[in-house]
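Colleague: Just so we're aligned, residue 8 is where the sequence shown starts under the working numbering, counting upward by one. All C-beta atoms, glycine included, are put in the ideal place defined by N, C-alpha and C.
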Amino acid sequence: MSKGLPKRSEDYSLWYNELVKKADLAENSAVRGCMVIKPYGYSIWEKMQAELDRMFKETGHSNAYFPLFIPKSYLSKEASHVEGFAKECAVVTHYRLKNAEDGSGVIVDPEAKLDEELIVRPTSETVIWSTYKNWVQSYRDLPLLVNQWANVVRWEMRTRLFLRTTEFLWQEGHTAHATKKEAEVETKQMMNVYAQFAEDFMALPVVRGRKTESERFAGADDTLCIEAMMQDGKALQAGTSHFLGQNFAKAFDVKFATKEGGLEYVWGTSWGVSTRLMGALIMAHSDDNGLVLPPKLAPIQVVIIPIYRKEEEFDAITEKVNEITAELRKVGVSVKYDNRDTHKPGWKFAEHELKGVPLRIAIGPRDLENGTIEIARRDTLTKEQFELASQPISEKISSMLDEIQTSIYSKALNFRTEMTTEVNSWDEFKELLEEKGGFLSAHWDGTSETEDKIKDLTKATIRCIPLDQKEEAGVCVYSGKPSTGRVLFAKAY
């Protein structure tokens with residue numbers, strides 16, 4: 008099998024696009040700006056979804072589903088929200104087609120114009136808060152802890168598979184609380200859930216931080232985020248959690264009777280991650296040979312490939328493979344026996360390497376005689392002979408999978424550390440941004456004017472104000488005005 012992948016060092020963007028396609032993750036669809044997520048890619052997303060869903064439920068949240076369509080008037084009720092999304096909205100204006108009289112095909116029936124246009128949801132705050140008005144009357148109805156798995160549409164002019172598409176899959180949590188403190192605690196909790204998922208399952212180290220006022224979610228009082236570093240030195244926002252204050256409660260008149268008999272607006276949050284995480288997973292770990300998947304998210308953790316020439320050899324190998332497979336599955340390891348007779352072992356090796364299968368076992372007649380198997384690691388591309396009698400195969404494989412998960416995380420963490428630089432002058436800032444990239448830790452004077460100017464001049468944005476930021480008197484890297492702490496700048500996806 009010829010992988011035909013470009014090298015990351017030569018053309019990172021092309022490498023990414025080709026890898027997504029060649030590894031059978033996704034492809035462009037006939038609908039401009041949209042993608043088809045192929046079965047192998049979707050199986051990775053399903054594993055992400057399952058783990059996140061479990062974590063949401065462990066923190067008390069329940070799933071629901073709300074309409075795809077939002078009345079246009081709803082978006083007008085929260086001023087900053089509509090301003091933030093107006094340019095990205097897809098609008099439904101008619102409800103019927105008809106055949107053209109000249110026989111040229113179907114056309115929109117001009118008589119079927121909607122009384123009020125419908126917006127294909129770019130996010131669901133408005134339609135959900137209009138529903139919460141009916142669900143919340145008393146403090147006894149709070150907190151409302153709801154999550155939705157759905158698709159959304161944000162009209163994009165420049166698209167990239169997984170990273171930025173017109174339609175994408177995501178989850179969006181929407182909660183309502185009796186007090187400001189409860190909502191703020193929820194906002195931070197869900198940011199930490201995302202960080203834990205990224206680090207424990209994606210093997211992706213992230214910076215927990217706060218967005219600046221100009222970067223926060225439209226309609227929010229505060230936005231917390233997790234930021235990750237990709238191998239090309241660009242940052243990627245991997246998840247956000249928003250404290251909405253009482254903005255949407257006031258816009259949709261969601262009030263509750265307090266214990267004391269008063270009437271108050273509730274406090275809200277919203278939070279979400281999307282199939283953009285797939286892009287992060289690919290760009291953070293993969294190499295010139297293909298995908299490198301953390302075992303916890305790999306659809307196939309172990310692939311077993313038989314090497315034989317005669318039919319009787321194949322039968323004997325298969326019998327042994329069935330024993331190994333049964334033992335591994337008992338401890339929850341996902342195994343694939345690639346016994347296709349349409350491809351040679353070398354072709355299979357290359358295919359599973361490209362698809363990022365963490366461990367590959369090869370077994371032939373000589374292995375059967377010697378009581379051994381060959382185990383190859385995808386992350387390091389190393390091989391070893393393992394004597395089956397030395398320890399249970401389930402223990403050996405489980406230990407190796409844990410080691411791979413830890414190793415991938417450590418490699419990504421070391422890379423991020425190398426790519427995080429403290430800068431103190433404007434010349435140093437510009438030079439490092441162009442020559443090295445990564446996170447630049449620099450003082451900022453706290454004004455949106457300076458933030459915008461730096462973005463205009465360098466295309467670098469403030470990715471976040473780290474939550475563990477220490478107060479440190481200094482001067483802004485651009486304006487020279489006083490600063491109380493450092494923020495992280497980077498070019499980003």
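Measure how close the beta-carbons of R385 and E360 come, nearest whole angstrom, since I'm counting them as under 8 Å.
Modeller: Against the sequence shown, residue 385 aligns to sequence position 378. Against the sequence shown, residue 360 aligns to sequence position 353. About 6 Å separates the two Cβ atoms, so the contact holds.
Colleague: Is it buried or exposed for P117, if we count other Cβ within 10 angstroms and need 16 for buried?
Modeller: Within the sequence shown, numbered from 1, the residue matching residue 117 stands at position 110. Exposed, since its Cβ has fewer than 16 Cβ neighbours within 10 Å.
Colleague: Apart from the five residues on each side of it in sequence, which residues of its chain come closer than 7 Å, Cβ to Cβ, to Y315?
Modeller: Position 308 of the sequence shown holds residue 315. Correct list, in chain order: F321, I324, G371 and P372.
Colleague: What is the DSSP secondary structure of G353, counted as helix, strand or coil?
Modeller: Locating residue 353 in the sequence shown gives position 346, counting from the first residue. It is helical.
Colleague: Buried or exposed: which applies to Y72, given that a residue is buried once 16 or more other Cβ atoms fall within 10 Å of its Cβ?
Modeller: To locate residue 72, count along the sequence shown from 1; it is residue 65. Exposed: under 16 other Cβ atoms inside 10 Å.
Colleague: Assuming the contact rule is C-beta atoms closer than 8 Å, H68 and V153 should be a hit. Round their C-beta distance to whole Å, please.
Modeller: On the sequence shown, residue 68 is found 61 positions in, with the first residue counted as 1. On the sequence shown, residue 153 is found 146 positions in, with the first residue counted as 1. Right, their Cβ atoms sit about 7 Å apart.
Colleague: Whose CA, out of P129, A235 and K257, lies closest to the CA of W136?
Modeller: The sequence position of residue 136 within the sequence shown is 129, counting from 1. The shortest Cα separation from W136 among P129, A235 and K257 belongs to K257.
Colleague: Would you give the residue range spanned by the alpha helix (DSSP H) that D434 belongs to?
Modeller: Position 427 of the sequence shown, counted from the first residue, corresponds to residue 434. Here the alpha helix (DSSP H) through D434 covers W433 to E442.
Colleague: Determine the extent of the alpha helix (DSSP H) in which H292 is found, giving its start and end residues.
Modeller: Position 285 of the sequence shown, counting from 1, holds the residue named residue 292. R283 to H292 is the span of the alpha helix (DSSP H), which, as asked, contains H292.
Colleague: Mind the definition here: the stretch 280 to 299 touches the stretch 346 to 355 only if three or more C-beta pairs lie below 8 Å; say whether that holds.
Modeller: Segments in contact, no.
Colleague: Suppose contacts are defined by Cβ-Cβ distances below 7 Å. Is M197 in contact with W274 by that definition?
Modeller: Start at 1 with the first residue of the sequence shown, and residue 197 comes out as number 190. Start at 1 with the first residue of the sequence shown, and residue 274 comes out as number 267. Cβ atoms of M197 and W274: not closer than 7 Å.
Colleague: Could you tell me the alpha carbon to alpha carbon distance between M237 and M407, rounded to whole angstroms?
Modeller: Looking up residue 237 in the sequence shown gives position 230. Looking up residue 407 in the sequence shown gives position 400. Between M237 and M407, the C-alpha separation is close to 25 Å.
Colleague: Measure the C-alpha to C-alpha separation of A86 and T465 and round it to an integer number of angstroms.
Modeller: Within the sequence shown, the letter at position 79 stands for residue 86. Within the sequence shown, the letter at position 458 stands for residue 465. Their Cα atoms are separated by approximately 30 Å.
Colleague: Between which two residues does the beta strand (DSSP E) holding M407 run?
Modeller: Within the sequence shown, numbered from 1, the residue matching residue 407 stands at position 400. No beta strand (DSSP E) holds M407; the alpha helix (DSSP H) holding it covers I400 to E425.
Colleague: For I311 and P365, I'd like the C-alpha separation in whole angstroms.
Modeller: Against the sequence shown, residue 311 aligns to sequence position 304. Against the sequence shown, residue 365 aligns to sequence position 358. Each residue's Cα considered, the two are about 12 Å apart.
Colleague: Should V503 go down as buried or exposed, given a rule of 16 or more other Cβ atoms within 10 Å for buried?
Modeller: Residue 503 falls outside the range modelled here, since the chain spans only 8 to 500, and no answer is possible.
Colleague: Can you give the Cα-Cα distance for R103 and I114, rounded to whole angstroms?
Modeller: Locating residue 103 in the sequence shown gives position 96, where the first residue counts as 1. Locating residue 114 in the sequence shown gives position 107, where the first residue counts as 1. Roughly 9 Å separates the two Cα atoms.
Colleague: Would DSSP call D228 helix, strand or coil?
Modeller: For the purposes of this step, residue 228 is taken as residue 221 along the sequence shown, with counting starting at 1. In this structure, D228 counts as coil in the three-state DSSP scheme.
Colleague: Between which two residues does the alpha helix (DSSP H) holding F496 run?
Modeller: In the sequence shown, residue 496 corresponds to position 489, counting from 1. F496 -> not in any alpha helix (DSSP H); beta strand (DSSP E) instead, spanning R493 to A497.
Colleague: Counting only the same chain and skipping the five closest in sequence on each side, list residues whose C-beta sits under 8 Å from that of R389.
Modeller: Counted from its first residue, the sequence shown places residue 389 at position 382. What sits at residue 389 in the sequence shown is Thr, not Arg. Here the set comprises A383.
Colleague: With N106 as the anchor, note down where its beta strand (DSSP E) starts and where it stops.
Modeller: Residue 106 sits at position 99 when you count from the first residue of the sequence shown. L104 to N106 is the extent of the beta strand (DSSP E) around N106.
Colleague: Would you mind working out which of T166, P473 and K488 sits nearest A480, comparing C-alpha positions?
Modeller: Walking along the sequence shown from the start, residue 480 turns up at place 473. Nearest option by C-alpha distance: K488.
Colleague: Under the DSSP definition of a beta bridge, which residues are partnered with R217?
Modeller: Numbered from its first residue, the sequence shown carries residue 217 at position 210. R217 pairs with L231 and I472.
Colleague: From this set, G226, Y416 and T379, which residue's C-alpha is nearest D207's C-alpha?
Modeller: Working through the sequence shown from its first residue, we reach residue 207 at position 200. When each option's Cα is compared against that of D207, the closest is Y416.
Colleague: Can you check DSSP and say which residues form a bridge with P117?
Modeller: Mapped onto the sequence shown, residue 117 falls at position 110. Answer by DSSP bridge pairing: none, since P117 is not bridged.
Colleague: So does the stretch 458 to 477 actually touch the stretch 220 to 238, counting three or more Cβ pairs closer than 8 Å?
Modeller: Flag = yes, the stretch 458 to 477 and the stretch 220 to 238 touch.
Colleague: DSSP beta-bridge partners for N70?
Modeller: As a first step, residue 70 is located in the sequence shown; it is residue number 63 there, counting from the start. Looking at the DSSP assignment, N70 forms a beta bridge with N154.
Colleague: What does DSSP give as the partner residues of G378 in its beta bridges?
Modeller: Here residue 378 corresponds to residue number 371 of the sequence shown, with the count starting at 1. Per DSSP, none; premise fails for G378.
Colleague: Whose C-alpha, out of S486, L495 and L170, is nearest the C-alpha of K477?
Modeller: Indexing the sequence shown from 1 puts residue 477 at position 470. When each option's Cα is compared against that of K477, the closest is L495.
Colleague: Counting pairs of Cβ atoms below 8 Å between the stretch 30 to 49 and the stretch 160 to 170, do you hit three or more?
Modeller: With the cut-off at 8 Å, the stretch 30 to 49 and the stretch 160 to 170 touch.
Colleague: Return the first residue and the last residue of the alpha helix (DSSP H) that N141 is part of.
Modeller: The residue labelled residue 141 in the question sits at position 134 within the sequence shown. E132 to W142 is the extent of the alpha helix (DSSP H) around N141.
Colleague: Report yes or no: do three or more beta-carbon pairs, one from the stretch 324 to 335 and one from the stretch 266 to 273, lie closer than 8 Å?
Modeller: Flag = no, the stretch 324 to 335 and the stretch 266 to 273 do not touch.
Colleague: Using a Cβ distance threshold of 8 Å, determine whether the stretch 188 to 196 contacts the stretch 50 to 58, with at least three qualifying pairs required.
Modeller: Touching, no, given that fewer than three Cβ pairs across the two stretches are closer than 8 Å.
Colleague: Got a sec, what are the start and stop residues for the beta strand (DSSP E) L270 sits in?
Modeller: Looking up residue 270 in the sequence shown gives position 263. It spans L270 to Y272 - the beta strand (DSSP E) in which L270 sits, taken as one unbroken run.
Colleague: The beta strand (DSSP E) with K460 in it runs from where to where?
Modeller: One-based indexing of the sequence shown puts residue 460 at position 453. First-last for K460: S455 to T465, but that is the alpha helix (DSSP H), not the beta strand (DSSP E).
Colleague: Pull the bridge partners of M236 from the DSSP assignment, please.
Modeller: For the purposes of this step, residue 236 is identified with residue 229 of the sequence shown, where counting begins at 1. According to DSSP, M236 bridges with A242.
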